[in-house]
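Participant: Dropping a structure here in structure tokens format, bear with me for questions.
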Amino acid sequence: MRNYIMGLLGLTILFFSACSKKLEVTPPNNIYDQQISDLLASGDTANIRKVMGSMANGMPLLFNNAGGTGSGVADMYYTNLGLDMNRSLEGNDIVMGDQEGLNVLFGTVEYQLGDFITAANGKNVAYWNYAWFCITTANQMLNYLPDDIVGSNDFLKDCKARGLVARAYAYNYLMENYQQAYLQGGSGKLGVMLYDKYDPNQPNKARASTADTYAFIKKDLTDAINLLEAAGVGYTAVTSDIDLGVANFLLARVSVWTGDWPTAITACNNILGANSTLMSQAQYGGKNTGTPTDPVYLPETNGFLNNDQNPEVILGFPLGTANTHFTSYMNCYGEGNGGVSRAYKRIDNRLFDAIASDDYRKDCFVESALGNYTYPVNNTVAFIPTYTNIKYAATHPLNGTDKKLVGTSTAFYMRRSEVLLMKAEAEAQGVSEDAAKTTLNILLAARTRSGGTTLTCDNYPAMAGLTALQMVQLQTRIELWGEGGREFYNNKRWNIPVDRASSANHVIKGTYPVSGMTLQIPENEMLYNPLAEQNN
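All residue numbers for the sequence shown refer to this note's numbering, where the first residue is 525 and numbers rise by one.
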């Protein structure tokens, strides 16, 4: 890892410099470490805010990253959104395209359930690089913020909390990808190397135990929550902040992964107690205001493309800052991978059929083909097939009228519906089925079509005979379809293999075992860190 940290140094300098230029302050990397330490010790509030603010404002952008993976720009491995998209293709619920043989499409290997886990495979190392980029960047700032320097300074408490949350997120990302799920045999295995400071010359470390790794992650998050509370930083209205909502969301996610049900419920309740508003039917997904032959899907009204229409967003970024690669992958009317290139993202018919008729989320997918569409940039005509998603459909750019510029949007990474689902899961596992159903009913009522009978766990047709946990699993697949690679990671921790054999519309059938969802430690780490042990 020491070798990798040296390689990241240049990237991190560019990262901080870019943030500094935005804030019109001196880039921290143009200041000696000792100068920063002296500045922090001096109590010079104005200059402390300039220098540390530059670094702290860069922490949320680690969740919205491009370039930290080490991959090229014309590559699905270039952004963390692309990595999430690849994970989503490695499951049951997303169908890519409508015919075999389109091997030029980005994501083909993942969708075909090929090799994306072996140590020497470049499709593996991007996940490792991204996480370590985040850890290294966070540690660079945290180096300057020991407890004695932070003291009672609320601004520095906020800065430190941001770094701790970013680091915890990245270490958890490594665990989700590079070890078996904690509750499915991973609890007694190795975690990852734990570096709590930035030092290119520090010695290599061996992998810590899984238990120690998760203890480290949870401590970072609980320390961050305590710092944010002490600093008076609550649940801010600015969705691009790292606030108590982001910290508690990650704590809940780590806790359901590790079976710490009480902590998961508490974290979820904290978020929902601050704001429990969900999207309305009008805000949920694309709506055609044109005609079938001349469709008009405006992103301004779609909560998945415009955060101003999404009251659920806990962490997201505005137009101009937002990474829009995901929109390119998912929008069937777009000029990117998910549109004109014909890698349409479609729902598996089996999941579509499980969505109740009174559930307006069914409207996010088309049961009848949309037919030919002329893409405006070069007038390419392509046929948009059945079951294609319009959850992310847009024929125009956000706040624009030129269809050739389609693809501009906001971005979100965490939202409150998932909090409800994590809470219901924790209740199903650790409290009672009735408690889980009560929580799940809140989401179902919010997703009931206008004029329809209010949906509940007791009248949702596809949930007849299911346990509360199975109900949560089904509703999670429906609600979070296509989002954040969640299906892959949930399948891994729920021990659900990929099995497309009975699907009517999957282009690539076949199966994939849960055991294949754990990546090997990348080859470079094994070569340059003599203490590294490979997964077995």
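All residues carry an ideal CB built from backbone N, CA and C; glycine is no exception. Predicted, not measured: the structure shown is a model, and the values here were computed from it.
I'd like to confirm the pairing. Which residues does DSSP put opposite leucine 768 in its beta bridges?
Facilitator: DSSP lists no partner for leucine 768.
Participant: Taking isoleucine 673 and leucine 752 to be in contact with their CB atoms under 8 Å, please state how far apart those CB atoms are, rounded to whole angstroms.
Facilitator: The Cβ separation is near 18 Å, so there is no contact.
Participant: Can aspartate 736 and glycine 715 be called in contact, C-beta distance under 8 Å?
Facilitator: For aspartate 736 and glycine 715, yes; Cβs fall inside 8 Å.
Participant: With DSSP run on the structure shown, which of helix, strand or coil describes tyrosine 937?
Facilitator: The answer is strand: DSSP assigns tyrosine 937 an E or B state.
Participant: If you reduce the DSSP assignment to three classes, tell me which class threonine 977 lands in.
Facilitator: In the structure shown, threonine 977 sits in coil (DSSP, three-state: anything other than H, G, I, E or B).
Participant: Which residue or residues does DSSP assign as beta-bridge partners of leucine 714?
Facilitator: In DSSP, leucine 714 forms a bridge with Ser733.
Participant: Determine, using beta carbons only, whether phenylalanine 587 and tyrosine 853 come nearer to each other than 8 Å.
Facilitator: It is not a contact, given that the beta carbons lie outside the stated cut-off.
Participant: Can you confirm whether the stretch 875 to 884 touches the stretch 893 to 909 when touching is taken to mean that 3 or more C-beta pairs between the two stretches lie within less than 8 Å?
Facilitator: No, the stretch 893 to 909 does not touch the stretch 875 to 884.
Participant: Are the stretch 1016 to 1029 and the stretch 700 to 707 touching by the rule of at least three beta carbon pairs closer than 8 Å?
Facilitator: Yes, they touch.
Participant: With distances taken between CB atoms, is the gap from leucine 802 to alanine 970 smaller than 8 Å?
Facilitator: Cβ atoms of leucine 802 and alanine 970: closer than 8 Å.
Participant: Excluding the five sequence neighbours on either side, which residues of its own chain have a C-beta within less than 8 Å of the C-beta of threonine 848, listed in chain order?
Facilitator: The answer, listed in chain order, is Gly931, Thr932, Ser933, Ala935.
Participant: On the CB-based measure, 16 or more other CB atoms within 10 Å of its CB, does glycine 814 come out buried or exposed?
Facilitator: Looking at its Cβ environment, which holds fewer than 16 other Cβ atoms inside 10 Å, glycine 814 is exposed.
Participant: If I follow the unbroken alpha helix (DSSP H) through alanine 970, where does it start and stop?
Facilitator: 957 to 970 is the extent of the alpha helix (DSSP H) around alanine 970.
Participant: Taking the alpha carbon of alanine 906 as the point to measure from, which residue in Ser676, Gly860, Met579, Asn663 has its own alpha carbon closest?
Facilitator: For alanine 906, the nearest C-alpha among the options comes from Gly860.
Participant: Can you tell which of Val633, Lys869, Ala590 has its C-alpha closest to the C-alpha of cysteine 658?
Facilitator: The option with the nearest alpha carbon to cysteine 658 is Ala590.
Participant: Could you tell me the boundaries of the beta strand (DSSP E) in which threonine 904 lies?
Facilitator: Element bounds for threonine 904: 904 to 908.
Participant: Below 6 Å CB to CB, which residues in the same chain sit around glycine 606 once its five sequence neighbours on both sides are set aside?
Facilitator: So the qualifying residues of the chain are Met600, His849.
Participant: Could you tell me the distance, in whole angstroms, from the CA atom of lysine 811 to the CA atom of cysteine 856?
Facilitator: Rounded to the nearest angstrom, the two C-alpha atoms are 13 Å apart.
Participant: Taking the straight line between their C-alpha atoms, what separation do you get for asparagine 983 and glycine 1008?
Facilitator: Going by the C-alpha atoms only, they are around 29 Å apart.
Participant: Could you check the C-alpha separation between aspartate 1135 and valine 1038 for me, to the nearest Å?
Facilitator: Nothing can be reported for residue 1135, as the shown portion of the chain is limited to 525 through 1060.
Participant: Of all Cβ atoms in chain D, is any one closer than 8 Å to the Cβ of glycine 840?
Facilitator: Checking the listed chains, one finds no chain D in this structure; it contains a single protein chain.
Participant: Among all the DSSP beta bridges, which residues are the ones paired with arginine 870?
Facilitator: Answer by DSSP bridge pairing, in chain order: Val619, Thr912.
Participant: Short check: CB of lysine 694 to CB of alanine 732, under 8 Å?
Facilitator: The residue you asked about is not lysine; residue 694 is alanine in the sequence shown. No, they are not a contact pair.
Participant: Short of 7 Å in beta carbon distance, which residues of its chain neighbour serine 941, apart from the five on each side in sequence? Order them along the chain.
Facilitator: Counting only Cβ-Cβ distances below 7 Å, and skipping sequence neighbours, we find Leu802, Glu836, Leu967, Glu1003.
Participant: Looking at C-beta atoms only, is the number of pairs between the stretch 634 to 644 and the stretch 1019 to 1034 that lie closer than 8 Å three or more?
Facilitator: Flag = yes, the stretch 634 to 644 and the stretch 1019 to 1034 touch.
Participant: Might you give, ordered along the chain, the residues of its own chain that have their beta carbon closer than 7 Å to the beta carbon of arginine 1001, omitting 5 neighbours on each side?
Facilitator: Cβ within range, chain order: Asp617, Leu875, Glu1011.
Participant: Any idea if threonine 898 is buried or exposed, counting beta-carbon neighbours within 10 angstroms, 16 or more meaning buried?
Facilitator: That one is exposed.
Participant: Should leucine 944 go down as buried or exposed, given a rule of 16 or more other Cβ atoms within 10 Å for buried?
Facilitator: The residue is buried, with at least 16 neighbouring Cβ atoms inside 10 Å.
Participant: Might you give, ordered along the chain, the residues of its own chain that have their beta carbon closer than 7 Å to the beta carbon of alanine 992, omitting 5 neighbours on each side?
Facilitator: So the list reads Ala952, Glu957, Ala960, Lys961, once near-sequence residues are dropped.
Participant: Compute the beta-carbon to beta-carbon distance between glycine 769 and isoleucine 749, rounded to the nearest angstrom, for a pair I have assumed lies under 8 Å.
Facilitator: Not confirmed; about 11 Å, so no contact.
Participant: Count the other CB atoms, across all protein chains shown, that sit within 10 Å of the CB of glycine 975; report buried if there are 16 or more and exposed otherwise.
Facilitator: Exposed: under 16 other Cβ atoms inside 10 Å.
Participant: Going residue by residue through the stretch 983 to 1018, where are the continuous alpha helix (DSSP H) segments of at least 4 residues, counting only ones entirely within it?
Facilitator: Listed in chain order, they are 992 to 1003, 1010 to 1018.
Participant: Apart from the five residues just before and just after glutamate 1049, which ones in its own chain have a Cβ nearer than 6 Å to its Cβ?
Facilitator: Cβ neighbours of glutamate 1049 beyond the five flanking positions: Ala1056.
Participant: Who are the near neighbours of arginine 1024 in its chain, counting only those whose CB is closer than 8 Å to its CB and skipping five residues on each side?
Facilitator: Result list for arginine 1024: Asn616, Asp872, His1030, Ile1032, Lys1033, Gly1034, Thr1035, in chain order.
Participant: Determine the burial state of glycine 582: buried for a count of at least 16 other Cβ atoms within 10 Å of its Cβ, exposed for fewer.
Facilitator: So glycine 582 ends up on the buried side.
Participant: Where does leucine 839 sit, in a helix, a strand or coil, going by DSSP?
Facilitator: In the structure shown, leucine 839 sits in a strand (DSSP, three-state: E or B).
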